[in-house]
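**Student:** Residue numbers (our numbering), protein chains in the order written: chain U, -17 to 339; chain W, -17 to 339.
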DNA sequence: ATTTTTAACGTGTGCGCACACGAAAATAAC
DNA sequence: GTTATTTTCGTGTGCGCACACGTTAAAAAT
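(1) Using a beta-carbon distance below 9 Å, is residue 183 of chain W in contact with chain U?
(2) Does the distance from the CB of residue 176 of chain U to the CB of residue 187 of chain U come in under 9 Å?
(3) What is the rounded straight-line gap between the Cα of residue 140 of chain U and the Cα of residue 122 of chain U?
(4) Evaluate the contact criterion for the region 263 to 282 of chain W versus the region 54 to 62 of chain W: three or more CB pairs, one atom per stretch, below 8 Å.
(5) Taking contact to mean 3 or more Cβ pairs, one atom from each stretch, closer than 8 Å, check whether the region -3 to 6 of chain U and the region 35 to 47 of chain W are in contact.
(6) What residue does the beta strand (DSSP E) around residue 137 of chain U start on, and which one ends it?
(7) Confirm, please, whether the CB-CB distance from residue 296 of chain W to residue -5 of chain W is below 9 Å.
(8) Hey, residue 263 of chain U and residue 274 of chain U: beta-carbon distance below 9 Å or not?
(9) Go ahead and pull the three-state DSSP assignment for residue 80 of chain U.
(10) So within the region 236 to 295 of chain U, which uninterrupted beta strand (DSSP E) runs reach at least 3 residues, ignoring any that extend past its ends?
(11) I want to verify the contact list: residues of chain U whose CB lies under 8 Å from the CB of residue 32 of chain W, in sequence order.
(12) List, in order along the chain, the chain U residues whose C-beta lies closer than 8 Å to that of residue -17 of chain W?
(13) Going by the CB atoms, is the gap between residue 147 of chain U and residue 278 of chain U shorter than 9 Å?
(14) Which residues in the same chain as residue 156 of chain U place their Cβ atom closer than 8 Å to its Cβ, once the five residues preceding and following it in sequence are excluded?
(15) Please compile the residues from chain U whose C-beta is within a distance smaller than 9 Å of the C-beta of residue 288 of chain W.
(16) Might you give, ordered along the chain, the residues of its own chain that have their beta carbon closer than 7 Å to the beta carbon of residue 207 of chain U, omitting 5 neighbours on each side?
(17) Within the same chain, show all residues whose beta-carbon is closer than 8 Å to that of residue 323 of chain U, passing over the 5 residues directly before and after it, in chain order.
(18) Taking only beta carbons into account, state which residues of the region 255 to 277 of chain U come closer than 9 Å to chain W, listed in chain order.
(19) Apart from the five residues on each side of it in sequence, which residues of its chain come closer than 6 Å, Cβ to Cβ, to residue 329 of chain U?
(20) Against chain W, does residue 279 of chain U count as a neighbour if the rule is that its beta carbon must be under 9 Å from one of theirs?
(21) With residue 238 of chain U and residue 247 of chain U assumed to form a contact (beta carbons below 8 Å), what rounded beta-carbon distance in angstroms separates them?
(22) Between the region 306 to 319 of chain U and the region 79 to 94 of chain U, do at least 3 Cβ pairs fall closer than 8 Å?
(23) Taking all protein chains shown into account, decide if residue 97 of chain W is buried (16 or more other Cβ within 10 angstroms of its Cβ) or exposed.
(24) Determine which residues of the region 133 to 148 of chain U have a Cβ less than 7 Å from any Cβ of chain W, and write them out in chain order.
(25) Measure the C-alpha to C-alpha separation of residue 134 of chain U and residue 65 of chain U and round it to an integer number of angstroms.
(26) Return the residue from the list W:218, W:168, W:190 and W:35 that minimises the CA-CA distance to residue 242 of chain W.
(27) Mapping DSSP to helix, strand and coil, what is residue 43 of chain W?
(28) Taking only the alpha-carbon atoms, compute the straight-line gap between residue 21 of chain W and residue -9 of chain W and give it to the nearest angstrom.
(29) So, is the C-beta of residue 164 of chain U closer than 9 Å to a C-beta in chain W?
(30) Using only the heavy atoms of the ligand MG, determine whether one of them is closer than 8 Å to the beta carbon of residue 167 of chain U.
(31) Is it right to say residue 387 of chain W is buried, meaning 16 or more other beta carbons lie within 10 angstroms of its own, or is it exposed?
(32) Pick from U:-16, U:-7, U:143 and U:23: whose alpha carbon is nearest that of residue 125 of chain U?
(33) Could you pull out every residue in the same chain whose Cβ sits closer than 7 Å to the Cβ of residue 9 of chain U, ignoring the five residues on either side in sequence?
(34) Measure the Cβ-Cβ separation of residue 283 of chain W and residue 319 of chain W and say whether it is below 9 Å.
(35) With a threshold of 8 Å on Cβ separation, who are the neighbours of residue 153 of chain W within its own chain once the five nearest residues in sequence on each side are excluded?
(36) For residue 6 of chain W, does the count of other Cβ atoms within 10 angstroms reach 16, so buried, or fall short, so exposed?
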């Protein structure tokens, strides 16, 4: 790796001048700049990021705001771990990551958390834009303060966010449908179980459902898809009632589609369906889902690499702040198909990075 | 992040002394060492890897030896790209990665390449142990020279390699069987197409076949699996002959299992099977396979994240050399199920690292 | 032609760490 | 008590880069 000093010697100038050329700083005559640029290219000069980080010694604070998790809803555990991992590694680069959790069901806590967030004077923000109206207000503030921000997991449009890190939900629903079709025969019925879409109609779950339905429509398949809506997934009786009240002229339900991360609950409910247990397709490798999959109660899980998403949101923003590396507008994680047979043993923390500890 | 200098001030000693304690170097009285250790722990001191790499300025050469690739067999392209990517990033850390390609079918070129490799005086080696007997000799040399080495893609046993980076091939074959079963009805027949296992019987492909067969055996399924062996996959006539000469009393072949990366060729051959095209399951996202999958000629591809594997082999070895970070004996990449619907657009280079360019 | 301004470039320092070297203190040898 | 030896510790330099500052040369103003 050739150094600035060496380049300087080759060009008969001082390191400072080479530095100016590299960073397009003023104060260099076009003639010598040209010469230096040629030498740089000739020797394929690349800045030593290590030395650069050390010299820059910039101090950045990245604030991350995401829903909390509990025993009931574990989805956000994994992204948070990815965020922490990236934070650890970014530390050496002078980046301080602070996280703020809010209640997924409370717009007030969403806004309140944002207030706390602002107090840390972040130079960059990662946001899970759970509430549409409130998000508009918050991003307005960020834009005024010229704080760059990126959206994680939920792709809200028209907010001037730097980028979106998440999954193509429509596509994943479409994929679920494909898998479902592979399992079923031509005339088997399908059941889609979802809860009241309490947030916005642009959210991931409704996109999954749309993708799912689109597959069957596009391929002109004639399987009937019964959609039921349940508020409390744990209410087994309600679930049973809904099922039995479906139109009687239908065929047998051979497949169940659960477009959220709580397929394991439905798995429990259908355990006592007798010997004709239907195929079950759900989302996200939470601990509960993972267990149900391992027990054979769930056929497929579709995973969106939440750890990786958390990691990428922070690492991407870090790179942007440190090196002005532009981010691609959409960072979509691969859509993974998980079965009992390829379920990863541990958590998916397969993201090993160099300067890690 | 607290620095050595700050710790030194707190302990009323010089930075040099703190440095000695951190690295367990001699020359510090036990009394002061104790005191410093306490302060280190109290402030949760972590060395700044960035500054460390810069100061260390170690020079390591990592030599990688793997099969070449061509239009015909593109499998090794992706690992090589992963290796290059890791090499680029490791460069700032003073690591120089050199790659050597050999002919997959020629033990001689294998040994010859190794000769060239040795001339670079590497401090670490990544090896794809394609030939069993020769590998024993080569690793013997490495052991004598005390050069640590790791195996990539092929898990040869009993060679004192630092670790193995690759896939659990048995498991991936098992998974293929599961997917196959989901597609088929109870009495459908299966065709397994493989080429002469020219290398060793411990290789990945035979493991895949074993895993595949084990699934059906373990679940006591009664689908018949016809196995045919073809030397030249491109020979359509031979393929057709083999098919037609299968026992007539069998049921219809509804699924084809190709345990290598050339399913796309079989896909071509079965195109003119008429309207009853069977399900096809193959391995690895090469360009050809990818196209065949997109065209709907292949049902499933099972991928082993070859880019990631290449990347991890080099990054893992780098960490080991730089920081003595121990490596886990087996680094198994996730087994991915790829369908037309979740096929990644570009190459799978989703491994973004911090100090990258 | 002299001064003032500006453009063009060189120099020096520090980021946090590793390590060589040398100084001081403690101990041993006599 | 003096010298020799060893232990214990401090100092200084450099890794490659960014950037502030100072210096020189060129251009502009007078």
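Note that CB positions come from ideal geometry on N, CA and C, so glycine has one too. Note that the structure is a prediction, hence the values are computed from the model and not measured.
**Tutor:** The relevant details are as follows:
(1) With a pLDDT of only 45 at residue 183 of chain W, under the threshold of 50, the placement of this residue in the model should not be trusted; the figure read from the coordinates follows. Cβ-Cβ to chain U under 9 Å: no for residue 183 of chain W.
(2) Yes, they are a contact pair.
(3) In this model, residue 140 of chain U and residue 122 of chain U are separated by some 11 Å (Cα to Cα).
(4) Contact between the region 263 to 282 of chain W and the region 54 to 62 of chain W is present, because at least three Cβ pairs lie under 8 Å.
(5) Because the criterion of three Cβ pairs below 8 Å is not met, the region -3 to 6 of chain U and the region 35 to 47 of chain W do not touch.
(6) For residue 137 of chain U, there is no enclosing beta strand (DSSP E), as DSSP marks it with neither H nor E.
(7) Contact: no.
(8) Not a contact, by the Cβ cut-off of 9 Å.
(9) Looking at residue 80 of chain U - three-state DSSP - the assignment turns out to be strand.
(10) Qualifying beta strand (DSSP E) stretches, in chain order: 261 to 265 and 282 to 285.
(11) Going along chain U in sequence order, the residues near residue 32 of chain W (Cβ under 8 Å) are 32, 35, 36, 74, 75 and 337.
(12) For residue -17 of chain W, the residues of chain U that pass the 8 Å Cβ criterion are 73 and 74, in the order they occur in the chain.
(13) Here residue 278 of chain U is not near residue 147 of chain U, since their CB atoms are 9 Å or more apart.
(14) Excluding residues within five positions, the ones whose Cβ falls inside 8 Å are 193, 194, 196 and 197.
(15) Near residue 288 of chain W there are no residues of chain U at all, since even the closest Cβ is about 14 Å away, more than 9 Å.
(16) Closer than 7 Å at the Cβ level, and outside the excluded window around residue 207 of chain U, lie 172, 174, 195 and 198.
(17) If we look at residue 323 of chain U and ignore the five residues flanking it on each side, it has no Cβ neighbours.
(18) Listed by position along the chain: 261.
(19) Low local confidence applies: a pLDDT of 44 at residue 329 of chain U is under 50, so the model's placement there is unreliable, with the coordinate-based value given in what follows. Leaving aside the five residues that flank residue 329 of chain U on each side, none in its chain has a CB nearer than 6 Å to its CB.
(20) Not an interface residue.
(21) Residue 238 of chain U to residue 247 of chain U, Cβ: 11 Å. No contact.
(22) Counting C-beta pairs with one atom in each stretch, the region 306 to 319 of chain U and the region 79 to 94 of chain U have fewer than three that are closer than 8 Å, which means they do not touch.
(23) Exposed, by the Cβ-count rule.
(24) The region 133 to 148 of chain U vs chain W, Cβ under 7 Å: nothing.
(25) Computed Cα separation, rounded: 11 Å.
(26) Taking only the C-alpha atoms, the option nearest residue 242 of chain W is W:190.
(27) DSSP, reduced to helix, strand and coil, places residue 43 of chain W within a strand of the structure shown.
(28) The straight-line gap from Cα to Cα measures roughly 11 Å.
(29) Interface residue, yes.
(30) Questions concerning the ligand MG fall outside what the structure shown contains, since it holds no ligand whatsoever.
(31) This structure gives no information on residue 387 of chain W, because the portion of chain W shown stretches from -17 to 339.
(32) With respect to the C-alpha of residue 125 of chain U, the residue from U:-16, U:-7, U:143 and U:23 having the closest C-alpha is U:143.
(33) The answer, listed in chain order, is 2.
(34) A contact, by the Cβ cut-off of 9 Å.
(35) Around residue 153 of chain W: 193 and 317.
(36) For residue 6 of chain W, the number of other beta carbons within 10 angstroms of its own is below 16, and it is reported as exposed.
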